[in-house]
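K.L.:
Quick note, the sequences are listed as chains A and B, same order.
Residue 1 is where the first sequence starts when you use this note's numbering, and the numbers rise one by one after that.
Residue 185 is where the second sequence starts when you use this note's numbering, and the numbers rise one by one after that.
Cβ atoms here follow ideal geometry from the backbone N, Cα and C, with glycine treated the same way.
Would you mind keeping the following structure in view while I ask a few things?
There are 2 protein chains.
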Amino acid sequence: MSTRSDIVAVSDTLIREKGYNAFSYADLAKTLGIRNASIHYYFPTKTDLAIAVIDRQLEKLNELISSVTDSDPLTQLEAYLSIYTHTREEGSVCIVGSLASDLYSIDERISNHLRTLVDEILLWVAGILERGQDSGVFHFTGSPRSRALLVVTNMLASLQLVRLTDNKNDFETIKEAVLKELTT
Amino acid sequence: MSTRSDIVAVSDTLIREKGYNAFSYADLAKTLGIRNASIHYYFPTKTDLAIAVIDRQLEKLNELISSVTDSDPLTQLEAYLSIYTHTREEGSVCIVGSLASDLYSIDERISNHLRTLVDEILLWVAGILERGQDSGVFHFTGSPRSRALLVVTNMLASLQLVRLTDNKNDFETIKEAVLKELTT
DNA sequence: GTCTATAGCAGGATAGAC
DNA sequence: GTCTATCCTGCTATAGAC
Numbered sequence: 001m002s003t004r005s006d007i008v009a010v011s012d013t014l015i016r017e018k019g020y021n022a023f024s025y026a027d028l029a030k031t032l033g034i035r036n037a038s039i040h041y042y043f044p045t046k047t048d049l050a051i052a053v054i055d056r057q058l059e060k061l062n063e064l065i066s067s068v069t070d071s072d073p074l075t076q077l078e079a080y081l082s083i084y085t086h087t088r089e090e091g092s093v094c095i096v097g098s099l100a101s102d103l104y105s106i107d108e109r110i111s112n113h114l115r116t117l118v119d120e121i122l123l124w125v126a127g128i129l130e131r132g133q134d135s136g137v138f139h140f141t142g143s144p145r146s147r148a149l150l151v152v153t154n155m156l157a158s159l160q161l162v163r164l165t166d167n168k169n170d171f172e173t174i175k176e177a178v179l180k181e182l183t184t
Numbered sequence: 185m186s187t188r189s190d191i192v193a194v195s196d197t198l199i200r201e202k203g204y205n206a207f208s209y210a211d212l213a214k215t216l217g218i219r220n221a222s223i224h225y226y227f228p229t230k231t232d233l234a235i236a237v238i239d240r241q242l243e244k245l246n247e248l249i250s251s252v253t254d255s256d257p258l259t260q261l262e263a264y265l266s267i268y269t270h271t272r273e274e275g276s277v278c279i280v281g282s283l284a285s286d287l288y289s290i291d292e293r294i295s296n297h298l299r300t301l302v303d304e305i306l307l308w309v310a311g312i313l314e315r316g317q318d319s320g321v322f323h324f325t326g327s328p329r330s331r332a333l334l335v336v337t338n339m340l341a342s343l344q345l346v347r348l349t350d351n352k353n354d355f356e357t358i359k360e361a362v363l364k365e366l367t368t
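Quick look at the structure:
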């Protein structure tokens, strides 16, 4: 992997672990075995770095969407939920939840980028739910978008709550309840 | 009000607005019209201050619980949901969501205190749901605790998401969906 | 492209006068 | 209890050698 993508990958992990304002170029330099100034060569400002992290998440999301584009709605929903399973295993939260907490202390260019990511997630999930409803796999009241809001908030906050309840089962409980609710 | 409680109140607001690591003694001093050093007189360290903020939230929660202790489950649930309506109007997030994002960059004494708050919220909500189920007002599958996890995560993350979707209705949509789901 | 060195600033915190 | 003054540390960021 290139130095550039290594920097982005480590930044991603650190932001989601400690929070945007707590992670520093010094953390990155230490982890990557390079110097502070080298990071600035690739990313002049911390804002540039945060935007690259969000772009990385956007790319990963688009790859996931593409990989299940021909699958049935249930498989697609499970693909969406699997994102959080992976993040949960790291003990981290998702980038949306992490940056949303710091929203009014970060550069507007970051929050605008984040908005793009959120919109894409909501559109994708709402689409999955709608197709699932049409084909009779999913059952729910309200619009697909409002249902997507419920599903996304469940998953987003589960990562944050489970860090505090210390009950390893809570995450699985929430995930299964979300699935069960839609399929029965 | 005393200087001490003013400091705690402003800290509370700032942490939930900007995030724990972004808010500073300088912010407080400016807002309150006092000096940095005066705040240290009441709260020697930032950790002390964060703990006082969580204690404040615990007190407010206990007052709310007491105020509806003789009410029916639906009224109690609405009381719980009203916490977030108020926070939503400020454009802030809740203290649990805010600090959970920074969890691995804050003093352990803060996270331990936060855990107490989370446990109390979950116990209260699960109790409300259970009594509502027994009296036939609420209908849901799974244990009261797992249902409480769904409700709490919906509300917690709704504050964070709505900051990004810019759709003012999203918060109300989520809140009403939570209520409707339980009562039908 | 990576380094050393350092500027410049803001953060949390303390000493001591009033 | 509140102030002025100050310390120390860590941060983002830059200049310039290699």
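1. Along chain B, which residues have their Cβ under 9 angstroms away from the Cβ of Ile-174(A)?
2. Within the same chain, show all residues whose beta-carbon is closer than 6 angstroms to that of Leu-258(B), passing over the 5 residues directly before and after it, in chain order.
3. According to DSSP, is Ser-255(B) helix, strand or coil?
4. If we count Cβ pairs, one from each stretch, closer than 8 angstroms, do we get three or more for the stretch 144-153 of chain A versus the stretch 354-364 of chain B?
5. When the Cα atoms are used, what is the spatial distance from Val-309(B) to Thr-153(A)?
6. Going straight from the alpha carbon of Leu-233(B) to that of Tyr-209(B), what length do you get?
7. Under a Cβ-count criterion, where at least 16 other Cβ atoms within 10 Å of its own Cβ denotes burial, should Gly-217(B) be classed as buried or exposed?
8. Which same chain residues end up closer than 6 angstroms to Val-277(B) when comparing Cβ atoms and leaving out the 5 residues on each side of it in sequence?
9. Using a Cβ cut-off of 9 angstroms, which residues of the stretch 204-220 of chain B contact any Cβ in chain A, in chain order?
10. Against Ser-38(A), what residues of chain B qualify as contacts under a CB-to-CB distance less than 8 angstroms, listed in chain order?
11. Going by DSSP in three states, Asp-170(A) sits in which element: helix, strand or coil?
12. If you draw a straight line from the C-alpha of Lys-18(A) to the C-alpha of Glu-314(B), how long is it?
13. Grouping DSSP H, G and I as helix and E and B as strand, with all else coil, what is Pro-144(A)?
14. Which whole-angstrom value is the C-beta distance of Leu-366(B) and Phe-324(B), which I expect to be below 8 angstroms?
15. Assuming the contact rule is C-beta atoms closer than 8 angstroms, Leu-283(B) and Leu-298(B) should be a hit. Round their C-beta distance to whole Å, please.
16. What do you get for Lys-30(A), buried or exposed, if any count of 16 or more other CB atoms within 10 angstroms of its CB means buried?
17. Is Val-237(B) near Asp-196(B), with beta carbons less than 8 angstroms apart?
18. If you follow the alpha helix (DSSP H) that Leu-122(A) is in, where does it begin and where does it stop?
19. Taking a cut of 9 angstroms between CB atoms, which residues from the stretch 266-291 of chain B lie near chain A?
20. Roughly how far, in whole angstroms, is the beta-carbon of Ile-191(B) from the beta-carbon of Tyr-226(B), given that I think they are within contact range, below 8 angstroms?
21. Grab me the residues of Met-155(A)'s own chain with a C-beta within less than 6 angstroms of its C-beta, minus the 5 sequence neighbours each way, in chain order.
22. Can you give the Cα-Cα distance for Ser-222(B) and Asn-246(B), rounded to whole angstroms?
23. For the stretch 115-128 of chain A, enumerate the residues whose C-beta is nearer than 8 angstroms to any C-beta of chain B, in chain order.
24. So is Arg-272(B) buried or exposed if we call it buried at 16+ other beta carbons inside 10 Å?
25. Kindly list, in the order they appear in chain A, the residues whose Cβ is closer than 9 angstroms to that of Val-201(B).
26. Should Ser-285(B) go down as buried or exposed, given a rule of 16 or more other Cβ atoms within 10 Å for buried?
27. Starting from Leu-366(B), find everything on chain A with Cβ-Cβ shorter than 7 angstroms and list it in chain order.
P.N.:
Reading from the atomic positions:
1. The sequence position of residue 174(A) within the first sequence is 174, counting from 1. Ser-330, Leu-333, Leu-334, Thr-337, listed in chain order.
2. As a working note, residue 258(B) is residue 74 in the second sequence. Around Leu-258(B): Val-321.
3. On the second sequence, position 71 is the one that residue 255(B) refers to. Ser-255(B): coil per DSSP, three-state reduction.
4. Enough Cβ pairs lie closer than 8 angstroms, so yes.
5. Taking the second sequence and counting its residues from 1, one reaches residue 309(B) at position 125. Taking the first sequence and counting its residues from 1, one reaches residue 153(A) at position 153. Cα to Cα, Val-309(B) sits roughly 17 angstroms from Thr-153(A).
6. Looking up residue 233(B) in the second sequence gives position 49. Looking up residue 209(B) in the second sequence gives position 25. Using only the alpha carbons, I get a separation of about 10 angstroms.
7. Here the question's residue 217(B) lines up with position 33 in the second sequence. Classification of Gly-217(B): exposed, given that the 10 Å Cβ count is below 16.
8. By one-based count along the second sequence, residue 277(B) stands at place 93. In the same chain as Val-277(B), and ignoring 5 residues on each side of it, the C-beta atoms closer than 6 angstroms to its own belong to Arg-200, Leu-343, Gln-344, in chain order.
9. Only Tyr-204, Asn-205, Ala-206, Phe-207 from the stretch 204-220 of chain B bring a Cβ to less than 9 angstroms from some Cβ of chain A.
10. Mapped onto the first sequence, residue 38(A) falls at position 38. Neighbours of Ser-38(A) in chain B, taken as residues at a C-beta separation under 8 angstroms, are lacking, since the least C-beta distance is about 24 angstroms.
11. The residue you call residue 170(A) lines up with position 170 of the first sequence. In the three-state DSSP reduction, Asp-170(A) falls in the helix class (H, G or I).
12. The residue given as residue 18(A) occupies position 18 in the first sequence. The residue given as residue 314(B) occupies position 130 in the second sequence. Going by the C-alpha atoms only, they are around 36 angstroms apart.
13. The sequence position of residue 144(A) within the first sequence is 144, counting from 1. Pro-144(A) falls in the helix class under three-state DSSP.
14. Numbered from 1 along the second sequence, position 182 holds the residue referred to as residue 366(B). Numbered from 1 along the second sequence, position 140 holds the residue referred to as residue 324(B). Your pair Leu-366(B) and Phe-324(B) checks out as a contact, with CB atoms roughly 6 angstroms apart and the cut at 8 angstroms.
15. Looking up residue 283(B) in the second sequence gives position 99. Looking up residue 298(B) in the second sequence gives position 114. With 8 angstroms as the limit, Leu-283(B) and Leu-298(B) qualify as a contact, their Cβ atoms being about 5 angstroms apart.
16. In the first sequence, residue 30(A) corresponds to position 30, counting from 1. So Lys-30(A) ends up on the exposed side.
17. Position 53 of the second sequence holds residue 237(B). Position 12 of the second sequence holds residue 196(B). The answer is yes: Cβ separation under 8 angstroms.
18. Taking the first residue of the first sequence as position 1, residue 122(A) is located at position 122. Here the alpha helix (DSSP H) through Leu-122(A) covers 108-134.
19. Answer set for the stretch 266-291 of chain B: Gly-275, Ser-276, Val-277, Val-280, Gly-281, Ser-282, Leu-283, Ala-284, Ser-285, Asp-286, Leu-287, Tyr-288, Ser-289, Ile-290.
20. Taking the second sequence and counting its residues from 1, the one referred to as residue 191(B) is at position 7. Taking the second sequence and counting its residues from 1, the one referred to as residue 226(B) is at position 42. Rounded, the Cβ-Cβ distance is 6 angstroms, consistent with contact.
21. Residue 155(A) sits at position 155 when you count from the first residue of the first sequence. Excluding positions up to five away in sequence, the list reads Tyr-84.
22. Along the second sequence, read from residue 1 onward, the residue named residue 222(B) stands at position 38. Along the second sequence, read from residue 1 onward, the residue named residue 246(B) stands at position 62. Taking the straight line joining both Cα atoms gives about 30 angstroms.
23. Using a CB distance below 8 angstroms, the part of the stretch 115-128 of chain A facing chain B consists of Arg-115, Val-118, Asp-119, Leu-122, ordered along the chain.
24. Translated into the one-based positions of the second sequence, residue 272(B) becomes position 88. Buried is the call here.
25. Start at 1 with the first residue of the second sequence, and residue 201(B) comes out as number 17. At residue 201(B) the sequence reads Glu, which differs from the Val that was named. Under the 9 angstroms cutoff, chain A gives Leu-103, Tyr-104, Ser-105.
26. For the purposes of this step, residue 285(B) is taken as the residue at position 101 of the second sequence. By the 10 Å Cβ count, Ser-285(B) comes out buried.
27. As a working note, residue 366(B) is residue 182 in the second sequence. Residues of chain A passing the Cβ test: none, with the nearest at roughly 12 angstroms.
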